[in-house]
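> So the protein lines, in turn, are chains A and B.
Per this note's numbering, numbering through the first sequence is continuous, rising by one, with the last residue being 314.
Per this note's numbering, numbering through the second sequence is continuous, rising by one, with the last residue being 346.
Backbone N, C-alpha and C define an ideal beta-carbon position, used for all residues, glycine too.
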Amino acid sequence: MTAAFIFEQLINGLSQGSIFALFAIGYALIVGVVGMATLCHGEVIMIGGFMAFFTISLSWIPTNIIVMALICFIVPALVGIVIHIICYEKFLDSPRHISLVCTIGMSILLINLAQIVFGTQTQGVRTNQVIQPRSFEVFGVFIGMIEITIFIVVIVLCILLALFLNKTKYGVVLKAVSQNRKAAALMGVNVKRATMVGSLLGCGIAGIGGMLFALYYSSISPLIGPPVMIRAFSATVLGGMSDISMSALGGIVIGVMENFGIAFAGSAMRDIFAFMFLILVLLFLPEGLRLGGGRRRGR
Amino acid sequence: MEGDVKSRITKKSLKLSKRNLIIAVAVFILLLIMPQFLSAYLNGVAVRVMIYILLVASMNIVNGYTGQFTVGQMGFANVGAYVTAIMMTNYEISFWIAVVVSGLAASLMGALVSYPARKLSGLYLAAVTLGFSEILRVIALNWISVTGGAMGIAGIPVPEIFGFRLSTPLSTFYMVFAFIVIMLICNYCVISSKVGRAWISIRENEEAAKSLGINTYRYKSLGFIYGGFWAGIAGAVMAVFYRFIDSNMFSMADNFDVLAMMIIGGQGTLFGPIVGSTLVIGSLEAFRFTAAYRGIIFGGVIIFMMWVRPQGILGKSTKDGPIKMFYNKLVSRSKANRKGGTA
């Protein structure tokens, strides 16, 4: 157990955690702005991953990380609009569990549709064609180009999102809707459109997360949805639901925990480290990582 | 005032009217006769429907009556199934003892999960229960010396009663049917008892229930324990019906299926689980001929049900009828007038 090993695990955990952070940011946006929990987030991520696969394998699309990110944002965002219209829009004022069940149906539908459209087998994603397989040595630890790319993409995306939410008029509208939908409506906000933009953004960001996921693991299959969704969900719960920056932190924490868990206890248990950590945290901090006050939206 | 609330609760949500009782008896007799005329395949489908009824009803106890939001019922079924399978295959213990033990083991798990869960609500609670179910599944997958790991446990013996082997789907049908009847009677008694009224008061308003002196933590735990018992029995029945179990049968997707069935049937109703699971499994079986497109249709049916009847098939309508609406309008108008008069 050398320092280099621990550092290596930390880098792995951070790069995986940043991907989870993107999933969680998307999830928190949806929970915050739309006010609904979703169970088809994993399928949106899966579609993002498949878009990355298609950008690489189809020859007429230029294989460039920016083009790829655009495609991986737009297609899941369109799916997000469809999900919004089917699962959320009609039920904005109904009890939450109704739209939750709708998203269960949507998730079953999307998985099966993806199996028909994309095929049932796991597809290999040729990451090398987009990102050079180089690695740099820092303090005796090798950091690959892919990890650096992930960090850059996630950081750029977070900055863009922060700018959008804090500096533009529409971002403020989204925040207002997330804080109090009725008051926002009274101030003349078009709540229906704002919630739609919220789920569009959430799904688009999740799609880029899916792209990074596919590039990092060099593979994508229609069945990655549920386990990935669980991590997004746990990270969001850890962040106290609907709090975007805390959810991102939750995602990183879960990624790091998972990697250390695998390093020390073996990969057989990999699917449950997130949960074990989550249950432990909720035992002692029922509000998640958000220690301060603030209204809890998890009900 | 307490008496008023009591009578209202019992009257509105629990009382079996004479018409409903007649329908229930008729359906009961029909169900007793029906399997004799069905093929083994259809009886197998019926048994699967009934296993899901047990699961959905156990989830309905926690979600529908206590007003909590649990998703992890398959975890309890997992425990029940493995306890029964291990007891029957390794130690040759009779099914009738194993089924009770597995119910109690699942109750124990319910008590365990209720410890962190009783303080939480909403999605936090959903995350914890789902996580618990997944943790149990992964443990079952990796504890190879006891659970057989990914190979599962095969060759589970057939239950016997008075020397009669319950090996065909037909005989299993009657066995599960008996379990369901017992469960419905138990549920009815529990829900109309003090415990059930405490549950409903927690569902309606937890703070108010607390202020009336109801120990909400204890009653919530009781809900998990009682619900877990029947989920464990459902797992035991699964073990002897399929004669084979592995951890994949208790995955996250199954948890969500159970949740969907409960809400489609109507949560917080005694017969909602029956309608929900019959409809969902029935539609899955009916669309078997569409092969690859079956999942799409299944998802579509769930979404369609939520669009058409969001409160569930047996759930009470959230909208008031036309007469009630007219009355509400009158009352609000007269109130507004009175306010205007005094101002």
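Name, please, each residue of chain A whose Cβ falls closer than 8 Å to the Cβ of residue 181 of chain B.
Residue 181 of chain B sits at position 178 when you count from the first residue of the second sequence. None at all; the shortest Cβ gap to chain A is about 31 Å.
> Quickly, what does DSSP pair residue 248 of chain B with across the bridge? List them, please.
Residue numbering aside, residue 248 of chain B sits at position 245 when the second sequence is read from its first letter. Residue 248 of chain B is bridged to B:156.
> In angstroms with no decimal places, state the Cα-to-Cα distance between residue 152 of chain B and residue 214 of chain A.
The residue labelled residue 152 of chain B in the question sits at position 149 within the second sequence. The residue labelled residue 214 of chain A in the question sits at position 199 within the first sequence. Distance between the alpha carbons of residue 152 of chain B and residue 214 of chain A is about 40 Å.
> Can you tell me the Cα-Cα spacing of residue 109 of chain A and residue 248 of chain A, whole angstroms?
Residue numbering aside, residue 109 of chain A sits at position 94 when the first sequence is read from its first letter. Residue numbering aside, residue 248 of chain A sits at position 233 when the first sequence is read from its first letter. Approximately 22 Å, taken between the alpha carbons.
> Return helix, strand or coil for residue 140 of chain B, following the three-state DSSP convention.
Residue numbering aside, residue 140 of chain B sits at position 137 when the second sequence is read from its first letter. It is helical.
> If residue 262 of chain A sits next to residue 251 of chain A, beta carbons under 8 Å apart, how far is it from one beta carbon to the other, in whole angstroms?
Along the first sequence, read from residue 1 onward, the residue named residue 262 of chain A stands at position 247. Along the first sequence, read from residue 1 onward, the residue named residue 251 of chain A stands at position 236. Between residue 251 of chain A and residue 262 of chain A the Cβ distance is about 5 Å, and since that is below 8 Å, they are a contact.
> Please classify residue 139 of chain A: does DSSP put it in a helix, a strand, or coil?
Stepping through the first sequence from its first residue, residue 139 of chain A is reached at position 124. Looking at residue 139 of chain A - three-state DSSP - the assignment turns out to be strand.
> Taking CB distances under 8 Å as the criterion, tell me whether residue 276 of chain B reaches chain A.
Taking the second sequence and counting its residues from 1, the one referred to as residue 276 of chain B is at position 273. Judged by the 8 Å Cβ criterion, residue 276 of chain B is not in contact with chain A.
> Locate the alpha helix (DSSP H) running through residue 86 of chain B, then write down its first and last residues.
Walking along the second sequence from the start, residue 86 of chain B turns up at place 83. Segment 76-93, the alpha helix (DSSP H) holding residue 86 of chain B.
> Looking at C-alpha atoms only, which residue of B:229, B:47, B:200, B:230 is the closest neighbour of residue 218 of chain B?
Here the question's residue 218 of chain B lines up with position 215 in the second sequence. The shortest Cα separation from residue 218 of chain B among B:229, B:47, B:200, B:230 belongs to B:200.
> Note down the Cα distance separating residue 239 of chain B from residue 182 of chain B, rounded to an integer number of angstroms.
By one-based count along the second sequence, residue 239 of chain B stands at place 236. By one-based count along the second sequence, residue 182 of chain B stands at place 179. Distance between the alpha carbons of residue 239 of chain B and residue 182 of chain B is about 11 Å.
> Along the chain, which unbroken stretches of the alpha helix (DSSP H) at least 4 residues long are found entirely within the stretch 245-297 of chain B?
For the stretch 245-297 of chain B, whole alpha helix (DSSP H) runs of length 4 or above, ordered along the chain, are 255-268, 275-289.
> Which residues in chain B have a C-beta closer than 9 Å to the C-beta of residue 248 of chain A? List them in chain order.
What you label residue 248 of chain A is simply residue 233 of the first sequence in a count that begins at 1. Near residue 248 of chain A (Cβ distances below 9 Å), the residues of chain B are 126, 129, 130, 133.
> Enumerate in chain order the residues of its own chain whose CB-to-CB distance from residue 27 of chain A is below 7 Å, with the five nearest sequence positions on each side excluded.
Position 12 of the first sequence, counting from 1, holds the residue named residue 27 of chain A. Cβ within range, chain order: 274.
> Helix, strand or coil: how does DSSP classify residue 312 of chain B here?
The sequence position of residue 312 of chain B within the second sequence is 309, counting from 1. In this structure, residue 312 of chain B counts as coil in the three-state DSSP scheme.
> Express the C-alpha separation of residue 119 of chain B and residue 59 of chain B in angstroms, rounding to a whole number.
By 1-based counting over the second sequence, the position of residue 59 of chain B is 56. By 1-based counting over the second sequence, the position of residue 119 of chain B is 116. Distance between the alpha carbons of residue 59 of chain B and residue 119 of chain B: 22 Å.
> Checking the sheet assignment: what are the DSSP bridge partners for residue 152 of chain A?
Numbered from its first residue, the first sequence carries residue 152 of chain A at position 137. In DSSP, residue 152 of chain A forms a bridge with A:157.
> Quick check on residue 36 of chain B: buried or exposed, where buried means 16 or more other Cβ atoms within 10 Å of its Cβ?
Working through the second sequence from its first residue, we reach residue 36 of chain B at position 33. Exposed.
> Could you check whether residue 192 of chain A and residue 206 of chain A sit closer than 8 Å to each other, using their CB atoms as the reference points?
The sequence position of residue 206 of chain A within the first sequence is 191, counting from 1. The sequence position of residue 192 of chain A within the first sequence is 177, counting from 1. For residue 206 of chain A and residue 192 of chain A, yes; Cβs fall inside 8 Å.
> For residue 287 of chain A, list the residues DSSP reports as bridge partners.
Taking the first sequence and counting its residues from 1, the one referred to as residue 287 of chain A is at position 272. Beta-bridge pairing links residue 287 of chain A to no other residue.
> Thinking just about the alpha-carbon of each residue, which of B:235, B:275, B:306 is nearest to the one in residue 109 of chain B?
Your numbering for residue 109 of chain B matches position 106 in the second sequence. The residue with the shortest Cα to Cα distance from residue 109 of chain B is B:235.
> Judging by CA-CA distance, which residue of B:246, B:31, B:28, B:126 is the nearest neighbour of residue 73 of chain B?
By one-based count along the second sequence, residue 73 of chain B stands at place 70. Checking every option, the nearest Cα to that of residue 73 of chain B belongs to B:126.
> Return the residues of the stretch 139-169 of chain B that lie within a Cβ-Cβ distance of less than 7 Å from chain A, sorted by chain order.
Answer set for the stretch 139-169 of chain B: 141, 145.
> Between the alpha carbons of residue 85 of chain A and residue 127 of chain A, how many angstroms are there, rounded?
Locating residue 85 of chain A in the first sequence gives position 70, counting from the first residue. Locating residue 127 of chain A in the first sequence gives position 112, counting from the first residue. Answer to the nearest angstrom: the Cα atoms are 25 Å apart.
> Identify, in the order they occur along the chain, each residue of the same chain with its Cβ nearer than 7 Å to the Cβ of residue 25 of chain A, setting aside the five sequence neighbours on each side.
For this step, residue 25 of chain A is matched to residue 10 along the first sequence. So the list reads 271, once near-sequence residues are dropped.
> Please list, in chain order, all residues of the same chain as residue 157 of chain B whose beta carbon is under 6 Å from its beta carbon, the five residues on each side excluded.
Residue 157 of chain B sits at position 154 when you count from the first residue of the second sequence. So the list reads 247, once near-sequence residues are dropped.
> Which residue from A:59, A:142, A:268 puts its Cα closest to that of residue 233 of chain A?
As a position in the first sequence, residue 233 of chain A is number 218, starting the count at 1. When each option's Cα is compared against that of residue 233 of chain A, the closest is A:142.
> Taking Cβ-Cβ distances below 9 Å as the criterion, which residues of the stretch 256-273 of chain A are in contact with chain D?
This model lacks chain D altogether; the protein chains it does include are A and B.
> I'd like to know whether the C-beta of residue 184 of chain A is nearer than 8 Å to at least one C-beta of chain B.
For the purposes of this step, residue 184 of chain A is taken as residue 169 along the first sequence, with counting starting at 1. Cβ-Cβ to chain B under 8 Å: no for residue 184 of chain A.
> Along the chain, which unbroken stretches of the beta strand (DSSP E) at least 3 residues long are found entirely within the stretch 72-103 of chain A?
Complete beta strand (DSSP E) runs here, min 3: none at all.
> Expressed to the nearest angstrom, what Euclidean distance is found between the alpha-carbon atoms of residue 287 of chain B and residue 300 of chain B?
As a working mapping, residue 287 of chain B is identified with position 284 in the second sequence. As a working mapping, residue 300 of chain B is identified with position 297 in the second sequence. Each residue's alpha carbon lies about 8 Å from the other.
> Using a C-beta cutoff of 8 Å, does residue 137 of chain B count as contacting chain A?
Residue 137 of chain B sits at position 134 when you count from the first residue of the second sequence. So yes, residue 137 of chain B belongs to the interface.
> If you draw a straight line from the C-alpha of residue 20 of chain A to the C-alpha of residue 160 of chain B, how long is it?
The sequence position of residue 20 of chain A within the first sequence is 5, counting from 1. The sequence position of residue 160 of chain B within the second sequence is 157, counting from 1. Roughly 50 Å separates the two Cα atoms.
> Kindly say whether residue 87 of chain A, judged by its beta-carbon, lies nearer than 8 Å to any beta-carbon of chain B.
Against the first sequence, residue 87 of chain A aligns to sequence position 72. No, residue 87 of chain A lies away from the interface with chain B (no Cβ there is under 8 Å from its Cβ).
> Which word fits residue 87 of chain B, buried or exposed, when buried means at least 16 other C-beta atoms lie within 10 angstroms of its C-beta?
As a working mapping, residue 87 of chain B is identified with position 84 in the second sequence. Looking at its Cβ environment, which holds 16 or more other Cβ atoms inside 10 Å, residue 87 of chain B is buried.
> Where does residue 167 of chain B fall in DSSP's three states?
Counting from one through the second sequence, the residue named residue 167 of chain B turns up at place 164. Of the three classes helix, strand and coil, the one that applies to residue 167 of chain B here is strand, per DSSP.
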